[in-house]
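Comments concern the structure below.
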Amino acid sequence: MPGVGKRKDSRRKDKATTLRRDFGWLAALGVILVLAGIVGLFYTAVATLTSMLLFGWLLLIGGIVGLLHAVQARGTSFFWLGAVVAALNIAAGVVVIRLPHAAAAALAMFAALLFLSAGLFRLVGSLVVRGPQFGWTLLLGAFDLLLGILVLGSWPSSSQYVIGTFFSLALLFDGLGLVAAGYGGRRIVGLVSERGRLGPIPPD
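Okay, structure coming up:
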């Protein structure tokens with residue numbers, strides 16, 4: 001019937017418009033993250049302090065929520081484990097919020113040791129195994145080892161920019177991924193909508 005066909009076309013267009021708008025918001029969020037990452041790369045000290053304060057508040061809020069869940073589960077075997085973990089999260093959150101620079105220095109030391117161990121593991125593993133990715137693994141191992149040495153050699157002053165740099169790079173790449181997903185999604189919805197194959201129309 002003509003009326004039914006028009007109604008289906010209208011609902012299909014509305015669905016396409018909604019999807020395009022959602023993908024547009026996703027791309028807009030990606031742009032915001034990209035801009036925040038670029039700004040953070042120029043102001044690494046501020047990014048380090050911001051990331052540590054954010055990390056501290058997340059620990060504190062997570063600990064409070066975990067403590068509430070543990071109280072609700074009192075009388076079970078989960079209570080003491082949940083209470084101890086929540087208390088540790090709360091204590092760690094308070095310490096990070098009150099001493100963000102010290103926490104950044106500790107995390108920078110941990111990152112340097114992690115890079116050193118990962119680099120040594122990759123170097124030794126690539127030399128022993130000599131698999132098809134020998135050159136690439138050897139290069140990654142050398143890069144990790146060099147990065148760990150650089151961070152550890154200038155510690156604790158390196159803690160002012162190491163955490164902020166990693167945090168900003170994470171924002172940048174996550175933002176680029178969201179922009180690509182949003183832009184690609186809008187194009188796919190547009191192509192499918194033009195061909196009239198958006199998907200089955202839900203019943204009234």
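For the record, in the sequence shown the residue sitting at position 6 is 6 according to the numbering used here, with numbers rising by one throughout.
Think of the CB as a built atom: it goes at the ideal place given N, C-alpha and C, for glycine as much as any other residue.
Note that the coordinates shown come from a computational prediction; the quantities given were computed from them, not determined experimentally.
- Query: Counting pairs of Cβ atoms below 8 Å between the region 28-39 and the region 170-182, do you hit three or more?
  - Reply: Yes, the region 28-39 is in contact with the region 170-182.
- Message: Could you give the first and the last residue of the continuous alpha helix (DSSP H) run that contains SER51?
- Response: 44-72 is the span of the alpha helix (DSSP H), which, as asked, contains SER51.
- Please classify SER117: does DSSP put it in a helix, a strand, or coil? Reduced to three states, the DSSP call for SER117 is helix.
- Between ALA27 and the rest of its own chain, which residues show a CB-CB distance below 6 Å, the 5 nearest in sequence each way excluded? VAL179, GLY182 and TYR183, listed in sequence order.
- Look at LEU116 and LEU140 and say whether their C-beta atoms are less than 9 Å apart. Contact: no.
- Hey, quick one: how far does the alpha helix (DSSP H) through LEU81 stretch, first residue to last? From DSSP, the alpha helix (DSSP H) with LEU81 extends over 78-98.
- Message: Give me, in chain order, the residues of the same chain whose beta-carbon lies closer than 7 Å to that of ALA92; leave out the 5 immediate sequence neighbours on both sides.
- Response: LEU59, listed in sequence order.
- Task: Please go through the same chain and pick out, in chain order, the residues whose beta-carbon is closer than 8 Å to the beta-carbon of LEU138, but skip the five residues on each side of it.
- Result: Hits under 8 Å: ARG122, LEU123, SER126 and LEU127.
- Please classify SER208: does DSSP put it in a helix, a strand, or coil? Residue 208 is absent from the model: the chain starts at 1 and stops at 204.
- Task: Go ahead and pull the three-state DSSP assignment for SER154.
- Result: Here SER154 sits in coil by DSSP.
- Query: Using a beta-carbon distance below 9 Å, is TRP25 in contact with chain B?
  - Reply: Of the protein chains in the structure, only one exists, and it is not chain B.
- Item | Cβ-Cβ distance between SER154 and ALA104 below 9 Å | Contact: no.
- Message: Given this structure, state the Cα-to-Cα distance separating ARG186 from ALA86, to the nearest angstrom.
- Response: Straight-line Cα distance between these residues: approximately 42 Å.
- Alpha-carbon spacing of TRP80 relative to ILE90, whole angstroms: Whole-angstrom Cα-Cα distance: 15 Å.
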